[in-house]
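Working notes, structure below.
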Amino acid sequence: MEKPAASTEPQGPRPALGRESVQVPDDQDFRSFRSECEAEVGWNLTYSKAGVSVWVQAVEMDRTLHKIKCRMECRDVPAETLYDVLHDIEYRKKWDSNVIETFDIARLTVNADVGYYSWRCPKPLKNRDVITLRSWLPMGTDYIIMNYSVKHPKYPPRKDLVRAVSIQTGYLIQSTGPKSCVITYLAQVDPKGSLPKWVVNKSSQFLAPKAMKKMYKACVKYPEWKQKHQPHFKPWLHPEQSPLPSLALSELSVQHADSLENIDESAVAESREERVGGAGGEGSDDDTSLT
Numbered sequence: 067m068e069k070p071a072a073s074t075e076p077q078g079p080r081p082a083l084g085r086e087s088v089q090v091p092d093d094q095d096f097r098s099f100r101s102e103c104e105a106e107v108g109w110n111l112t113y114s115k116a117g118v119s120v121w122v123q124a125v126e127m128d129r130t131l132h133k134i135k136c137r138m139e140c141r142d143v144p145a146e147t148l149y150d151v152l153h154d155i156e157y158r159k160k161w162d163s164n165v166i167e168t169f170d171i172a173r174l175t176v177n178a179d180v181g182y183y184s185w186r187c188p189k190p191l192k193n194r195d196v197i198t199l200r201s202w203l204p205m206g207t208d209y210i211i212m213n214y215s216v217k218h219p220k221y222p223p224r225k226d227l228v229r230a231v232s233i234q235t236g237y238l239i240q241s242t243g244p245k246s247c248v249i250t251y252l253a254q255v256d257p258k259g260s261l262p263k264w265v266v267n268k269s270s271q272f273l274a275p276k277a278m279k280k281m282y283k284a285c286v287k288y289p290e291w292k293q294k295h296q297p298h299f300k301p302w303l304h305p306e307q308s309p310l311p312s313l314a315l316s317e318l319s320v321q322h323a324d325s326l327e328n329i330d331e332s333a334v335a336e337s338r339e340e341r342v343g344g345a346g347g348e349g350s351d352d353d354t355s356l357t
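Right under this line is the structure:
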């Protein structure tokens, strides 16, 4: 699946790195994101097992950027189901046990909104949160959902959480048949902290694969769950259903990492609970909540 053209774009995605003002991504941004998802040049494979592969990419030594790519084959999940699962914020609260709090804030266009997400980090690291501009684009039987960090005047950084920065994060869903697809998760995140090496290793070797497998289980159970929870409510497919208030782009600004406090956690050792349980806040594989 190597796409040589993508390797000529080492500077990263345009929305966060090339703009001083907040803009909704355009077709060029979506094409660039897709190319990077499909590229293999410059990425190091760190995990490959049971249809899940993880790559990491070396970044500048003086930055704490966390760049990871994870791909999973879904042999009995249609692309449109996976797309729905990633959009359905109420269902995410059921299956994503890393979530502390998540909610949509406002609507920007028919395919873009602003939202809040906070998540648990491996103990004893501080938990993180983020405000992002999210946009999405169906492309025939394929789909892209991607986001980057913005500042919203009503949601400043909280004292109990570290405000991270999504430089570019998202999903490419590619249909491989009527009931199968491949999903690629690409994340370039500044966690706003000098993280210990064990965190990076654990993310690529354990947390990312486990999160993908949990997502897969959630997709399998989604059709049954959705039938019991507003089955026809899908504002990501039907914008007229959206209950969100409208927001002007001028109300937002790009969230630059250097304007946030940097937390040095490089010397933090992995807790015994994490080493033994290995869950890193993931919780167990019990999916009884998905009902």
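The opening position of the sequence shown corresponds to residue 67 in the working numbering, with each subsequent residue numbered one higher.
Idealized CB from N, CA, C, for every residue including glycine.
Minimum C-alpha distance to residue i - residue among the options
i: E167; options: L152, W185, D154; result: W185
i: K115; options: F299, K159, M278; result: M278
i: H304; options: S119, A178, Y251, A105; result: A178
i: Q89; options: L326, S319, D324; result: S319
i: V143; options: C285, H298, H295; result: C285
i: S163; options: S119, L273, T242; result: L273
i: Q271; options: F99, Q94, K189, S119; result: S119
i: P289; options: Y157, A105, Y237; result: Y157
i: S232; options: K217, I239, T242; result: K217
i: L203; options: V176, V180, I197; result: V176
i: L326; options: Y282, T235, L227, K283; result: L227
i: Y149; options: A230, S201, V165, Q234; result: S201
i: T242; options: A230, R229, D256, Y209; result: Y209
i: E139; options: K160, W121, G117; result: G117
i: K283; options: I134, K160, V107, L238; result: K160
i: A145; options: I211, H298, Q293, P297; result: I211
i: A230; options: W109, A323, F96, S101; result: A323
i: Y113; options: R137, P91, R173; result: R137
Residue i - partner residues in DSSP beta bridges
i: S201; result: A178, M212
i: S163; result: Answer by DSSP bridge pairing: none, since S163 is not bridged.
i: A172; result: V180
i: E139; result: V248
i: K133; result: Q254
i: D195; result: S184, R229
i: K217; result: S319
Host alpha helix (DSSP H) of residue i (start-end)
i: L148; result: 145 to 153
i: S98; result: 93 to 104
Enclosing beta strand (DSSP E) for residue i [first to last residue]
i: S119; result: 118 to 122
i: L111; result: 110 to 115
*Curious, which full-length beta strand (DSSP E) runs of at least 3 residues does the segment 234 to 321 contain?*
246 to 256
*Are there three or more Cβ pairs, one per stretch, closer than 8 Å when the segment 308 to 323 is compared with the segment 144 to 162?*
no
_Is it the case that the segment 237 to 250 contacts the segment 218 to 225, given that we only count it when at least three CB pairs across the two stretches are under 8 Å?_
no
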